[in-house]
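Numbering (full-length UniProt numbering), first residue to last: 1 to 386.
Worksheet: one structure, shown below.
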C-alpha cells in the first residue's frame, strides 16, 4: 500500500485517543458495582414503562409499522427533493399512497401530529443530515454470537476489561474507502490470535487449488486453512508464529526493500497467539492493520475499553456482535439467483470472467477446451452465521 492511499484511508477514522494501558486500566478502575435498588416510589417516577409499552405495541402491529415506514420514507424523499438543485423546476414529489390507511393508522397519525416538541418533526434542512441506508448498517445476526462454550482462563474472581473491536475492509470498487464488516467483543485476558480467529473473511474459505505443471486446472471441494498473518499495533508486527520466518518477518523485509519508513516497524517479541490484550497499550479510534492470506487486508479499530459489567454475558467470548451481510454476485445467465461459480476462458460465454449459478453452469454442459476454469465462490459458512 502506498503512503498516499494509506494516509487517505487512515483519515476516515479517528481522531484517536491517547494510549490506554489495558492492564493498568483494569487495575486502577474501581470495580463495577451491581445496580442500586431504588425505593419503589422513585423507581415509579423514573420508569419509562409507558413509553416502552407504547413503542412495543406499535412494533408488534404489522399494519402500524408498515404505515410508519412508508410515511417516513415519503417525508425523507420530499426533504431530499426540496434540497436538490433540481427543486428549481418545482417538481412535486409523488403523492403518498393512502389506499391502505385505516382508522387505527389515522388515529395514530393524529397522536403523532399532536406532539408539541418542535424537534419531533423533520425540519426543512434535515435532508442535509440524512443518508441512505448502507449495507454496513445491517446485521446478519439476531443476537450476539458466541465462539466458545468455555474458557479455562476466565475466572469469576478476576476483574476483566471488555474490548469492543470493529473490523473494516476496503471496498472492492473503491480501494481508498472502507466499510465496516464485523464487530466483536473480547476480554482483556484473550489474545490477538483469538481476535484473528474470530473475524469472518472469505479468504478463509478459498478452496484448494489443483495444480498441473505449474498451472491451476481446478479446485477441490474441501477448504484448506492457509497460514500466514500479521497484525501491526503501535509499530509492532505480531506474526502468527506458524513458521520460522512468518508474515511479520516478511513484512519487515518488504518494508526495508520498498519503504523509507521501515525502521518505524519492528517485529514484536511475541506472536499474536501469545499476546493477551491485557499486555498491550491501545488507542481508541486508531486503525490497526491486519494482513493475511497473501494480500487480504483488514483495519481493526478499538471502539471501547470498559470493565466487564454484571449484565454482560459471563462466557462465550470472543462475542461477535455484528456481521455486515455479504454482497453476492448474481448469475449473469438467469439474473435470478446468486452465482456460485466464476467461469474463466469459456468461449461460449460473452465475457470472462463470467458469474453463473449452479443450474445454469450445469445446463451448459462440458466445456469445449481444457483452458476453461470454474472457480467456486466462498460459501460464507465459517463464522458468518449463528
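We put the CB at the ideal spot given by N, CA and C, even for glycine.
Being a predicted model, the structure only gives us computed values, none of them experimental.
1. Exposed or buried, residue 8, counting other C-beta atoms within 10 Å across all chains shown (16 or more means buried)?
2. Residue 239 by DSSP, collapsed to three states: which one?
3. Given this structure, state the Cα-to-Cα distance separating residue 306 from residue 161, to the nearest angstrom.
4. Would you kindly check if the distance between the Cβ of residue 34 and the Cβ of residue 310 is under 8 Å?
5. Is the Cβ-Cβ distance between residue 188 and residue 277 less than 8 Å?
6. Okay, do the stretch 327–336 and the stretch 204–211 touch, 3+ Cβ pairs below 8 Å being the bar?
7. I think residue 108 touches residue 192, with their Cβ atoms under 8 Å apart; what is that distance to the nearest whole Å?
8. How is residue 221 classed by DSSP in three states: helix, strand or coil?
9. Using the C-alpha atoms, what's the distance from residue 12 back to residue 284?
10. Starting from residue 361 and walking both ways along the beta strand (DSSP E), at which residues does that stretch end?
11. CB-CB under 8 Å to residue 348, same chain, minus the five flanking residues each way: which ones, in chain order?
12. Express the C-alpha separation of residue 172 and residue 328 in angstroms, rounding to a whole number.
13. Under 8 Å between the Cβ atoms of residue 324 and residue 342?
14. Quick one: residues in its chain with C-beta nearer than 7 Å to the C-beta of residue 340, no 5 flanking neighbours on either side, listed in chain order?
15. Entirely within the stretch 10–38 and at least 4 residues each: give me those alpha helix (DSSP H) ranges in chain order.
16. Assuming residue 159 and residue 26 make a contact with CB atoms under 8 Å, what is their CB distance in whole Å?
17. Would you mind reading off the limits of the beta strand (DSSP E) that contains residue 175?
18. Pop quiz: residue 290 and residue 251 are said to be a contact at Cβ under 8 Å. What is the actual Cβ separation, rounded to whole angstroms?
19. Identify, in the order they occur along the chain, each residue of the same chain with its Cβ nearer than 7 Å to the Cβ of residue 87, setting aside the five sequence neighbours on each side.
20. I'd like to know whether the C-beta atoms of residue 128 and residue 76 end up nearer to each other than 8 Å.
21. By the 10 Å Cβ neighbour count, where 16 or more other Cβ atoms means buried, how is residue 394 classified, buried or exposed?
22. Would the beta-carbon of residue 74 fall within 8 Å of that of residue 96?
23. The alpha helix (DSSP H) with residue 112 in it runs from where to where?
24. Mind checking if residue 370 is an interface residue toward chain B, Cβ cutoff 8 Å exclusive?
25. For a test of the three-state rule: what should DSSP assign to residue 129, helix, strand or coil?
26. Can you tell me which residues form a DSSP beta bridge with residue 212?
27. Let me know if residue 320 comes out buried or exposed under the rule of 16 or more other beta-carbons within 10 Å of its beta-carbon.
28. Kindly give me the distance between the Cβ atoms of residue 22 and residue 280, rounded to whole angstroms, as I take these residues to be in contact under 8 Å.
29. Taking only the alpha-carbon atoms, compute the straight-line gap between residue 322 and residue 143 and give it to the nearest angstrom.
30. If I measure Cβ to Cβ from residue 373 and keep anything under 8 Å in the same chain, skipping five residues before and after, which residues do I get?
31. Alpha carbon to alpha carbon, how far is residue 253 from residue 195? Give it in angstroms, no decimals.
According to the data block:
1. exposed
2. strand
3. 5 Å
4. yes
5. yes
6. no
7. The Cβ separation is near 51 Å, so there is no contact.
8. strand
9. 14 Å
10. Where residue 361 is concerned, there is no enclosing beta strand (DSSP E), although the alpha helix (DSSP H) it sits in stretches over 358–364.
11. 364, 367 and 368
12. 12 Å
13. no
14. 357, 358, 376 and 377
15. 22–28
16. 6 Å
17. 174–187
18. No, residue 290 and residue 251 are not in contact; Cβ-Cβ is about 11 Å, not under 8 Å.
19. In this prediction, residue 87 scores a pLDDT of 48, lower than 50, which makes its location untrustworthy; no coordinate-derived value is stated.
20. no
21. The structure shown does not extend to residue 394, since the chain is modelled only from 1 through 386, so no value can be given for it.
22. yes
23. 103–113
24. Looking for chain B here will not work: only one protein chain is present.
25. helix
26. 215
27. buried
28. 6 Å
29. 9 Å
30. 216, 217, 218, 343, 344 and 345
31. 25 Å
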